[in-house]
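What follows is a set of notes on a single structure, which appears directly below.
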Amino acid sequence: MNDFATLELCPPILDAIAAEGYDTPTPIQAKAIPPALAGRDVLGCAQTGTGKTAAFALPILHRLHTAAAGAGHGNRQTKRRGPVLPRALILSPTRELAGQIEASFRTYGRRTRLRQTVIYGGVSQFHQVRALQRGVDILVATPGRLIDLMEQGYVDLRQIQIFVLDEADRMLDMGFIQPIRRIAESVPDGRQTMLFSATMPRSIMSLADSLLTKPVNVSVKPAASTTKLINQFVYMVPHRDKPALMEHLLVEHGVDRGLIFTRTKHGADRLTRRLKHAGVTATAIHGNKTQNQRQQALDSFRSGKSRVLVATDVAARGLDVDGVTHVFNYDLPHEPEAYVHRIGRTGRAGARGVAISFCDRAERPHLRAIEQLTSKRLQATSTPASIQGSGAGDAGAGDRKTGVASPAPAAAAKKDRRASGGPSGSSKKRRFVHSKKKRGAGGSAGGAGGGGRRRQRSAR
Ligand code: AMP
Numbered sequence: 001m002n003d004f005a006t007l008e009l010c011p012p013i014l015d016a017i018a019a020e021g022y023d024t025p026t027p028i029q030a031k032a033i034p035p036a037l038a039g040r041d042v043l044g045c046a047q048t049g050t051g052k053t054a055a056f057a058l059p060i061l062h063r064l065h066t067a068a069a070g071a072g073h074g075n076r077q078t079k080r081r082g083p084v085l086p087r088a089l090i091l092s093p094t095r096e097l098a099g100q101i102e103a104s105f106r107t108y109g110r111r112t113r114l115r116q117t118v119i120y121g122g123v124s125q126f127h128q129v130r131a132l133q134r135g136v137d138i139l140v141a142t143p144g145r146l147i148d149l150m151e152q153g154y155v156d157l158r159q160i161q162i163f164v165l166d167e168a169d170r171m172l173d174m175g176f177i178q179p180i181r182r183i184a185e186s187v188p189d190g191r192q193t194m195l196f197s198a199t200m201p202r203s204i205m206s207l208a209d210s211l212l213t214k215p216v217n218v219s220v221k222p223a224a225s226t227t228k229l230i231n232q233f234v235y236m237v238p239h240r241d242k243p244a245l246m247e248h249l250l251v252e253h254g255v256d257r258g259l260i261f262t263r264t265k266h267g268a269d270r271l272t273r274r275l276k277h278a279g280v281t282a283t284a285i286h287g288n289k290t291q292n293q294r295q296q297a298l299d300s301f302r303s304g305k306s307r308v309l310v311a312t313d314v315a316a317r318g319l320d321v322d323g324v325t326h327v328f329n330y331d332l333p334h335e336p337e338a339y340v341h342r343i344g345r346t347g348r349a350g351a352r353g354v355a356i357s358f359c360d361r362a363e364r365p366h367l368r369a370i371e372q373l374t375s376k377r378l379q380a381t382s383t384p385a386s387i388q389g390s391g392a393g394d395a396g397a398g399d400r401k402t403g404v405a406s407p408a409p410a411a412a413a414k415k416d417r418r419a420s421g422g423p424s425g426s427s428k429k430r431r432f433v434h435s436k437k438k439r440g441a442g443g444s445a446g447g448a449g450g451g452g453r454r455r456q457r458s459a460r
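Note that the sequence shown covers residues 1 to 460 in this note's numbering.
Shown next as structure tokens:
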């Protein structure tokens, strides 16, 4: 009853999304597309994974395509007088998300004559400037590089008719408020504006107040409360035992494609090194990596060459990889919304997913906040005896009031694979191991004593 045809998108766009296999709009699409097509401002509360990119991309493509078609032959008349100036501008917090948005426009708009390009920092501006000089209809940009190119006179925003801020909360978190305000001043007053954000704190509401005119509010429930397809577990584990537990879960259990979130960039690098050393094909993505390194990491993860991607929240923002079987919260996020965001990377498109979180003593308040937000008590799982105390542990693992007791410490000496009780059952697939394990049992149990203490200090 609710298919795309009822949304009155033009045939080239309907064809393109049919070719993508989309037959039913997601809730955010069903709510946002009609007002967006009507030219209304939209304030959308939605996470990555809900289909929000298409929620703004499809109406933009429709409006620009039908306007261009009405004006004659595409956008050619303007072209004769000089390069086509962008008519839609989409701001995104990160390069990865910007790249994915542009790719979505390319996919959904491939049967139109509209052109899009993406500009972001961290790479040479040469090709970006060339693309702008050739002329584009749709410009996707991160705020910093956009300002940079505006200052150099390469970007002219005077023809912008539709202005989108995607993941606005992240842009504010990343300190982009001034660039956003400057950019907003450079786009014409009469444009249509759409603002999407995973959360709606006061700062976003006031930004929306200043940029939107009588917006239609659309909101979809966080992915976590809508999907029953994600099995969620938590290990109550001392901080210093986390590396060994992570390694154990990856090596001992069948994880086809795992995304691991750490809180810090150094934490991501450290964990990646350790996993590689244990024979796990892992790669890291975070803000200290160059654009090339990030792209390589993503390609490697997408192609399955690396079965594990270790990421920080910001770098993983908007990451769109199909078939993620497991999301691991190696560190619990400080904002409960980020948990919802993170685990939404698995259990997509009807597939089953597993979300496993590690919680040490200091992280318990974060766990409570997550449980409150999602109205769901995470199922606590006991840490395998072989891992307990492997990092010269602190007290407290398994003493959560959930009643899941840790096996007796005396049992720790004994390798007890059964005790893992982990979500992947007793499967002993070693698909991650691409070379002989280099570490001995002591090494893999890892970093006892001073090393463990060092790790704990630097990660906090
Ligand atoms: P997004 O929230 O925009 O990152 O989209 C999440 C994923 O959902 C992407 O892989 C899209 O290709 C996919 N997607 C978006 N809309 C639909 C739809 N209506 N039907 C099926 N898949 C969709």
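Don't be surprised by glycine CBs; every beta carbon is placed ideally from N, CA and C.
Everything numeric in this text was worked out from a predicted model, so none of it was measured.
If only uninterrupted beta strand (DSSP E) runs of at least 3 residues are considered, those enclosed by the stretch 191-240 are 192-197, 216-219, 230-236. DSSP, reduced to helix, strand and coil, places I160 outside both helices and strands of the structure shown, so it counts as coil. Around the beta carbon of H127, fewer than 16 other beta carbons lie within 10 angstroms, which makes this residue exposed. By the C-beta criterion, the stretch 174-182 is judged not to be in contact with the stretch 12-31, since fewer than 3 inter-stretch pairs fall below 8 Å. Between the beta-carbon of V251 and that of A278 there is about 6 Å, and that keeps the pair under the 8 Å contact cut. Segment contact: the stretch 201-215 against the stretch 37-53, three or more CB-CB distances shorter than 8 Å; contact assigned. In this structure, Y154 has its beta carbon at no less than 8 Å from each heavy atom of the ligand AMP. In this chain, the alpha helix (DSSP H) harbouring L14 covers 11-19. Annotation for T283: the continuous beta strand (DSSP E) segment containing it runs 282-285. In this model, P34 and V218 are separated by some 11 Å (Cα to Cα). Closest in alpha carbon position to T112, among S92, I90, D137, Q133, is D137. Residue side-chain check: A362 keeps its Cβ at 8 Å or more from all non-hydrogen atoms of the ligand AMP. The ligand AMP has a heavy atom closer than 8 Å to the beta-carbon of D320. Following the DSSP letters along the chain, one finds Q291 inside the alpha helix (DSSP H) bounded by residues 291-303. Less than 9 Å separates the beta-carbon of V327 from that of G353. Counting along the chain, the unbroken beta strand (DSSP E) around Q379 starts and ends at 379-381.
In this structure T272 touches V310 by the C-beta definition: roughly 5 Å separates them, less than 8 Å. Taking 9 Å as the cut-off, the Cβ atoms of V308 and L275 count as close.
For G121, the shortest separation between its Cβ and any heavy atom of the ligand AMP does not lie below 8 Å.
Checking the 8 Å criterion, the Cβ of Y235 is out of range of every heavy atom belonging to the ligand AMP. When secondary structure is reduced to three states using DSSP, S186 falls in the helix class.
A131 carries a helical assignment under DSSP once its states are collapsed to helix, strand and coil.
When beta bridges are read from the DSSP output, A141 appears opposite L91, I119.
Membership of V251 in the alpha helix (DSSP H) is indicated by the continuous run 242-252. When beta bridges are read from the DSSP output, L85 appears opposite no residue.
Going by C-alpha positions, T264 is about 16 Å away from S357. In this structure, the CA atom of R364 is about 51 Å from the CA atom of P12. In this chain, the beta strand (DSSP E) harbouring V308 covers 308-311. DSSP, reduced to helix, strand and coil, places A355 within a strand of the structure shown. When V280, N329, M150 are compared, the shortest CA-CA separation from H366 is found for N329. Beta-bridge pairing by DSSP links L271 to no other residue. Here the alpha carbons of L9 and I60 stand approximately 10 Å from one another.
Residues P35, R40, V42 of the same chain have their beta carbon placed closer than 6 Å to that of V216, with the five preceding and five following residues left out of the count. V327 carries a strand assignment under DSSP once its states are collapsed to helix, strand and coil.
Annotation for K31 indicates a beta carbon at 8 Å or more from all heavy atoms of the ligand AMP.
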